[in-house]
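Number 180 marks the last residue of the sequence shown (my numbering); no jumps. Backbone N, C-alpha and C fix where the C-beta goes; we use that ideal spot for every residue, glycine too. Note sheet for the following structure.
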Amino acid sequence: MATTAATQTSTAQSGCASQQQAGIAAVFGHRRTMQAAQQLAAHALALGFNGLVLERRGCNDYVVVLHGLRDLNQARDFSAETARVGFHVRIECRSHPSEGGLAAVFGHRRTQEAALQLQAKAERLGFLGLKVQQDRCKDWEVDLYGLQTAAQRREFRHEARTVGFHIVYEPG
9 MATTAATQTS TAQSGCASQQ QAGIAAVFGH RRTMQAAQQL AAHALALGFN
59 GLVLERRGCN DYVVVLHGLR DLNQARDFSA ETARVGFHVR IECRSHPSEG
109 GLAAVFGHRR TQEAALQLQA KAERLGFLGL KVQQDRCKDW EVDLYGLQTA
159 AQRREFRHEA RTVGFHIVYE PG
């Protein structure tokens with residue numbers, strides 16, 4: 009790995025929005041303050057783990073993360089390497105960066121193919137503008153963004169329920 013110090017991502021954020029990025033990543037840990045996250049990153053750097061970044065994931069939630077793992081096999085090998093020196097990283101998989109706001113979730117599926125089938129079913133029933141996205145390893149979901157108010161979300165949930173979809177709202 010390259011020898012670089014931990015850096016903070018430079019994404020401009022408002023409020024407590026998440027800076028979570030797309031790809032396969034190893035999370036070294038969550039901390040309640042940026043200073044505590046910087047200390048964790050410095051400790052990992054001292055043990056030879058380079059290329060770490062700090063990301064804000066919400067109010068009082070900062071993570072130390074390594075991006076750029078190419079596949080789950082490499083992620084498992086990296087996890088084993090970190091465990092040998094006392095770090096128990098959590099592997100994350102995302103097909104998209106965090107968009108913020110709430111997403112109307114039509115359902116979760118273990119594969120992208122199964123999520124695409126769910127998307128096609130919903131589109132046949134008139135639900136357009138859906139996105140198939142991975143937000144965890146082995147978890148693909150069908151999302152709709154853009155419902156801004158609680159009233160819009162209630163109305164949409166009711167409409168979807170009338171044709172058999174049980175919508176939940178999750179951070180996007």
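Return helix, strand or coil for residue 107, following the three-state DSSP convention.
In the structure shown, residue 107 falls within a coil segment according to DSSP collapsed to helix, strand and coil.
Using 10 angstroms around the beta-carbon of residue 172, count the other beta-carbons present and answer buried if the total reaches 16, otherwise exposed.
Result: exposed.
Relative to the alpha-carbon of residue 56, which residue among 93, 108 and 41 has its alpha-carbon at the smallest distance?
Looking at the Cα atoms, 93 is the closest of the given residues.
Can you tell me the Cα-Cα spacing of residue 167 and residue 161, whole angstroms?
So the two alpha carbons sit approximately 10 Å from each other.
So residue 127 and residue 150 are in contact, right, with Cβ under 8 Å, and what is the actual spacing, rounded?
Right, their Cβ atoms sit about 5 Å apart.
According to the neighbour-count rule (16 or more other Cβ atoms, all chains shown, within 10 Å of its Cβ), is residue 132 buried or exposed?
The residue is exposed, with fewer than 16 neighbouring Cβ atoms inside 10 Å.
Backbone CA spacing between residue 155 and residue 25 [nearest angstrom]
For residue 155 and residue 25, the distance between alpha carbons rounds to 17 Å.
Assuming residue 125 and residue 148 are in contact, meaning their beta carbons sit under 8 Å apart, how far apart are those beta carbons, in whole angstroms?
Not really, about 11 Å apart at Cβ, beyond 8 Å.
Just how far apart, CA to CA, sit residue 30 and residue 98?
Each residue's CA atom was taken as its position, placing residue 30 and residue 98 some 15 Å apart.
Decide if residue 145 is buried, meaning its Cβ has at least 16 other Cβ atoms within 10 Å, or exposed.
With fewer than 16 other Cβ atoms inside 10 Å of its own Cβ, residue 145 counts as exposed.
Look at the alpha carbon of residue 45 and the alpha carbon of residue 84, and state the distance between them as a whole number of angstroms.
Roughly 23 Å between the two C-alpha positions.
Can you say whether residue 106 is buried or exposed, counting buried as having 16 or more other CB atoms within 10 angstroms of its CB?
Counting Cβ neighbours within 10 Å, residue 106 comes out buried, since at least 16 surround it.
Quick check on residue 13: buried or exposed, where buried means 16 or more other Cβ atoms within 10 Å of its Cβ?
Reliability fails at residue 13, whose pLDDT of 40 lies under 50, so the model's placement of it is uncertain and no value is given.
Do residue 52 and residue 72 come within 8 Å of each other at the CB atom, strictly closer than that value?
Cβ distance < 8 Å, so residue 72 and residue 52 count as in contact.
Quick check on residue 129: does DSSP put it in helix, strand or coil?
Residue 129 falls in the helix class under three-state DSSP.
DSSP three-state label for residue 96, please.
Coil.
Taking residue 70 and residue 41 to be in contact with their CB atoms under 8 Å, please state how far apart those CB atoms are, rounded to whole angstroms.
With a Cβ gap of about 7 Å, residue 70 and residue 41 count as contacting.
For residue 15, count neighbouring C-beta atoms within 10 Å of its own C-beta (all shown protein chains included) and say buried if the count is 16 or more, exposed if not.
Any reading at residue 15 is ruled out, since the residue's pLDDT is 39, under 50, leaving its predicted position unreliable.
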